[in-house]
Amino acid sequence: MPEPGKKPVSAFSKKPRSVEVAAGSPAVFEAETERAGVKVRWQRGGSDISASNKYGLATEGTRHTLTVREVGPADQGSYAVIAGSSKVKFDLKVIEAEKAEPMLAPAPAPAEATGAPGEAPAPAAELGESAPSPKGSSSAALNGPTPGAPDDPIGLFVMRPQDGEVTVGGSITFSARVAGASLLKPPVVKWFKGKWVDLSSKVGQHLQLHDSYDRTSKVYLFELHITDAQPAFAGGYRCEVSTKDKFDCSNFNLTVHGEGALVSVLVLAMCPVLHTQGVRETPRDSKLEAPAEEDVWEILRQAPPSEYERIAFQYGVTDLRGMLKRLKGMRRDEKKSTAFQKKLEPAYQVSKGHKIRLTVELADHDAEVKWLKNGQEIQMSGRYIFESIGAKRTLTISQCSLADDAAYQCVVGGEKCSTELFVKEPPVLITRPLEDQLVMVGQRVEFECEVSEEGAQVKWLKDGVELTREETFKYRFKKDGRRHHLIINEATLEDAGHYALCTSGGQALAELIVQEKKLEVYQSIADLMVGAKDQAVFKCEVSDENVRGVWLKNGKELVPDSRIKVSHIGRVHKLTIDDVTPADEADYSFVPEGFACNLSAKLHFMEVKIDFVPRQEPPKIHLDCPGRIPDTIVVVAGNKLRLDVPISGDPAPTVIWQKAITQGNKAPARPAPDAPEDTGDSDEWVFDKKLLCETEGRVRVETTKDRSIFTVEGAEKEDEGVYTVTVKNPVGEDQVNLTVKVIDVPDAPAAPKISNVGEDSCTVQWEPPAYDGGQPILGAES
1 MPEPGKKPVS AFSKKPRSVE VAAGSPAVFE AETERAGVKV RWQRGGSDIS ASNKYGLATE
61 GTRHTLTVRE VGPADQGSYA VIAGSSKVKF DLKVIEAEKA EPMLAPAPAP AEATGAPGEA
121 PAPAAELGES APSPKGSSSA ALNGPTPGAP DDPIGLFVMR PQDGEVTVGG SITFSARVAG
181 ASLLKPPVVK WFKGKWVDLS SKVGQHLQLH DSYDRTSKVY LFELHITDAQ PAFAGGYRCE
241 VSTKDKFDCS NFNLTVHGEG ALVSVLVLAM CPVLHTQGVR ETPRDSKLEA PAEEDVWEIL
301 RQAPPSEYER IAFQYGVTDL RGMLKRLKGM RRDEKKSTAF QKKLEPAYQV SKGHKIRLTV
361 ELADHDAEVK WLKNGQEIQM SGRYIFESIG AKRTLTISQC SLADDAAYQC VVGGEKCSTE
421 LFVKEPPVLI TRPLEDQLVM VGQRVEFECE VSEEGAQVKW LKDGVELTRE ETFKYRFKKD
481 GRRHHLIINE ATLEDAGHYA LCTSGGQALA ELIVQEKKLE VYQSIADLMV GAKDQAVFKC
541 EVSDENVRGV WLKNGKELVP DSRIKVSHIG RVHKLTIDDV TPADEADYSF VPEGFACNLS
601 AKLHFMEVKI DFVPRQEPPK IHLDCPGRIP DTIVVVAGNK LRLDVPISGD PAPTVIWQKA
661 ITQGNKAPAR PAPDAPEDTG DSDEWVFDKK LLCETEGRVR VETTKDRSIF TVEGAEKEDE
721 GVYTVTVKNP VGEDQVNLTV KVIDVPDAPA APKISNVGED SCTVQWEPPA YDGGQPILGA
781 ES
C-alpha cells in the first residue's frame, strides 16, 4: 500500500481509454496489470460493478475486460478500474446511431448535404460552401479533406478550418490538420473565440476539443466540436498553431440560423459574454449598444426586481450588473443636447491591464470640459490623460485595474453625458492541479492547488456540492499567494469522494480514498480460572506500539485503583487484578482506540483454594523501542554519560552491569591512530569483567522495575571500553554489549623533520600523534 497522503503508484501496464459508442452497440474496456493474479475491480460513479446481463467481466492472466452491452444514454458517464491502490478513470460517451458515422468521411452524393435522417451530413468544404445543419440533426462535420485538394503551401497548416453554418440546437465540428513529418515534438494548438477568449478553459457540455495523430500520414488532426448550438455562439473564431520556431493562425466564422436572433442581439448589446454553458467572448474596448427590439426591454421594465436574475439567465446574460445599469440608462429622459454633437457611448468594456479611450464631440470647439469618476473630478496624472483636438475631447485611461470599474461623466457647462466602464479580469487558470490521495481513517488530508492569479476567488466542491465557510468545523480553507489549500484534520469514511477546485477559467479534480485502519493481534487475552486472594493477569499484544485502549468489565470501563492496575509497555497491554474476590468474576475486554476490534476473555472464580502458579515472563532488554541506545556511544571527555536501558520481565529481573578490562585489571593502552577500532570481540584482547554496582560517586547504577540507568559523571579516557548489561530472573536471562568511546584532546605530533632545504622551499615531515583523541586525523595546517 502506498504511503498515506501520497499519490498511488500505478499497477497497470495498459490503461483503459475513454470511448464514444453509438447507442445500442457494446462498449469494451481493456486493462492489463503488471503481473497475473491481481484482483481488479471495475466501478461506475464510485460503486463496484458486478457481472450481470448488462455488464460482462473477464480476466485472462494479466488482461482484464469490462463489456457494457447495448449501451444507452443511461450508461454514459465516468468509470474506473482499481488494482490494489491504483485507480484509473475513463469516460463512456453514448452518441446517436447516425452520429457514430465518421464525421470526416466524404458524402457519397451532394444530395446528402440536406442532412437527411439516418445519414451522415456531407462536409461543408466538399460541397464548396458551409452546409447548415437542421435543428435536432446530428453533428455537421466541417473541413473534411476534399479529394484531390492540394495541401496548404503556406504556414504550418495542411488544412485550415473553414467558415461554417449551423441551426439552433445543432452540432458542428471545425477541423485543422498540421503536418508532423518535420516536427520533433507535437505542435501546440489553441482555439479562440473573438480576439482573446481561450476556448480550452470553456470545455464542457457544449464545447469539446479533440486531437489525434495518424502515424501513417504523419498528420496531426485537431477538432473543435460545438453541440446544441445557440445564437450567441455565432461570431469569429481563430485557430493558432505553434512549434519551437514557427507560428501560424487561421480565422474562420460561425453563423447560427434559426429563432433566437433577438437573443443574440440582446446578449451582444448588453454584455458581450455568451451563455454560461457555451463559449464566451469579450472584445477588447467593445461598446454596449442598445438592442434593435424594444420588446425584451419592455419585459425587463415590467418585471419586478426579483425576476431580473431569472430573465438574465434565460437570455444568457452573465453580467447582471451591466444589464441593470443599461436598463437604468434607458429610463433616462433623453433631451436634445446643445453642448454635445456626439456623446459618450452608454457603456465601455476593457480588459484588465489594457488602455481605454472615452471620446466626445462638442458643439463649441473652445468649450472647457471636466471629467468625473463616480462624481469626483479626475486630475491629470500618468494614468489619466486629457486630449483636446478640435471639437473632440478624449479621456485616456492606461493600465486599467478593477478600481477603474466605475461611472464616468463629461461635463460641459451645466450639461453632462454619462457612461459606465466595465473592467474585465482575465480568466483564472489552473497552473498545478490537485492530486489523488489515499489516507487511513483519522489521518490529516491536505489538497493543494495553484492558480494563475494571486488572491483569486475560488470555490471548493465535494461530489459537485460547494463547501462553504459555515462548515469550518470539518473543512479548513487556506490561501498562500497563488496556492489554495483544503484541509481535513481527521478523515472519516464519509470524507471519501471527488473534490474539485473551480475558478473562472477551469477546474481541478482529485479523488480522496479513505481506508479503515487495520490492527493485527499478535496475542489475545485468554480465559482465567483464579482462586480467592490470588492474582489475575490479562495480557494481549498488538501490532502498533503507539495504540491506546480501554479495559471493560461486563461492558463498562474499568477504573484502576490500588487493587486493579492497567499497564502499557510497547505493544503489550496488561490488566492486573490483585486479591481476586467472587465479585471479580466477569467478562473482561480490551478495546483499542480507533479500531473496530474487541479482545474478550472471562475470569472464573474458584471457591476451592488451589496452588496458583503465576505467569512468568523471561527478562528482556528493549533496545529496539523509541529512544533506543545505539551499540556504540560516543561522549566528549568531561561530559556526562548516561545509559538508560528499558527492561521487562516477570518476576522483576536482576540487573548486572560489567565493564570489560584486560587481564591484570589494567585498562588497555591507547591504540595507534591508524589501528582498527576495538569492538570487544577481537582475538588480540583477552577480557575480564569488572562488576559495576555503585549507587553513589562518579560511576553509579540505578535500577527500577522497568529500566536500569548507568551514569558516569565527567567521562574520562579510562571510562572507554565495552560495557555489558545482563538481566536475569528464574525464567531466563538477556544480555547486551554496549561500546563507549570517549573523545579527548589528541597528543601532539612528533617533532618535524626538515629536509631538501632550497632557496624558497623545503620539505617538512612529521609523524601523527600517538593518540588521536578518538577521531581520525583529517589533515594539518601549515
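Residue numbers for the sequence shown follow UniProt numbering, beginning at 1 and rising by one. Idealized CB from N, CA, C, for every residue including glycine.
- Counting of Cβ neighbours within 10 angstroms places Thr763 among the exposed residues, the total staying below 16.
- The C-alpha of Thr632 is placed about 18 Å away from the C-alpha of Ser708.
- Going by C-alpha positions, Glu240 is about 28 Å away from Asp91.
- Within the model, the alpha-carbon separation for Pro26 versus Tyr55 is close to 10 Å.
- Contact between the stretch 458-467 and the stretch 516-536 is absent: fewer than 3 CB-CB pairs across the two stretches fall below 8 Å.
- Assignment of beta-bridge partners to Pro646 by DSSP yields Arg707.
- Less than 8 Å separates the beta-carbon of Gln616 from that of Pro730.
- The C-beta distance from Gln230 to Val256 rounds to 7 Å, short enough to meet the 8 Å contact threshold.
- Per the C-alpha coordinates, the member of Cys410, Thr711 and Ala456 positioned closest to Glu368 is Cys410.
- The way I'd put it, the stretch 637-653 does touch the stretch 706-724; three or more beta-carbon pairs between them come closer than 8 Å.
- In this structure, the CA atom of Asp719 is about 13 Å from the CA atom of Arg700.
- Under the three-state reduction of DSSP, Pro582 is assigned to helix.
- Residue pairing by DSSP puts Lys416 in a beta bridge opposite Val411.
- Contact annotation, Glu223 with Phe174: C-beta distance approximately 7 Å; criterion of less than 8 Å satisfied.
- For Glu545, same chain residues with a beta-carbon under 6 Å away, outside a window of 5 residues either side, are Gly570 and Arg571 in chain order.
- One thing to note: Arg563 has its Cβ within 8 Å of the Cβ of Asp579.
- Note that the C-beta distance between Gly721 and Ala770 is not below 8 Å.
- Between the alpha carbons of Ala748 and Phe710 lies a distance of about 33 Å.
- In this structure, DSSP gives Pro305 a helical state, which the three-state scheme calls helix.
- Look at Glu345 here: in three-state DSSP terms it is coil, with no helix or strand label.
- Nearest Cα to Asp366 within the set Val350, Ala339 and Arg69: Ala339.
- A check of alpha carbon separations from Lys533 across Leu57, Ile577 and Glu511 identifies Ile577 as the nearest.
- Assigned with DSSP and collapsed to three states, Lys392 falls in strand.
- With distances taken between CA atoms, Lys370 lies nearest to Ser418 out of Asp405, Lys355 and Ser418.
- Taken atom to atom, the span from the alpha-carbon of Pro646 to that of Leu552 is near 29 Å.
- With contacts defined by Cβ atoms closer than 8 Å, Ile525 and Leu603 do not form a contacting pair.
- Leaving aside the five residues that flank Ile378 on each side, the residues in its chain whose CB is nearer than 6 Å to its CB run, in chain order, Trp371 and Tyr384.
- DSSP assignment within the stretch 551-602 yields the following whole beta strand (DSSP E) runs of 3 residues or more, N-terminal first: 564-569, 572-577 and 586-592.
- In this structure, His64 places its C-beta atom within 8 Å of the C-beta atom of Ala31.
- When secondary structure is reduced to three states using DSSP, Lys659 falls in the strand class.
- 8 Å or more divides the Cβ of Ala508 from the Cβ of Leu438.
- In terms of Cα proximity to Glu60, the closest of Gly414, Lys39 and Ser452 is Lys39.
- Taken through DSSP and simplified to helix, strand or coil, Ile777 comes out as coil.
- Cβ contact annotation for Asp706 (same chain, cutoff 8 Å, sequence separation greater than five): Ile569, Pro646, Ile647 and Ser648, in chain order.
- Residue burial is scored here from C-beta neighbours: Lys185 has fewer than 16 other C-beta atoms within 10 angstroms and is therefore classed as exposed.
- For Glu516, the secondary structure class from DSSP, reduced to helix, strand or coil, is coil.
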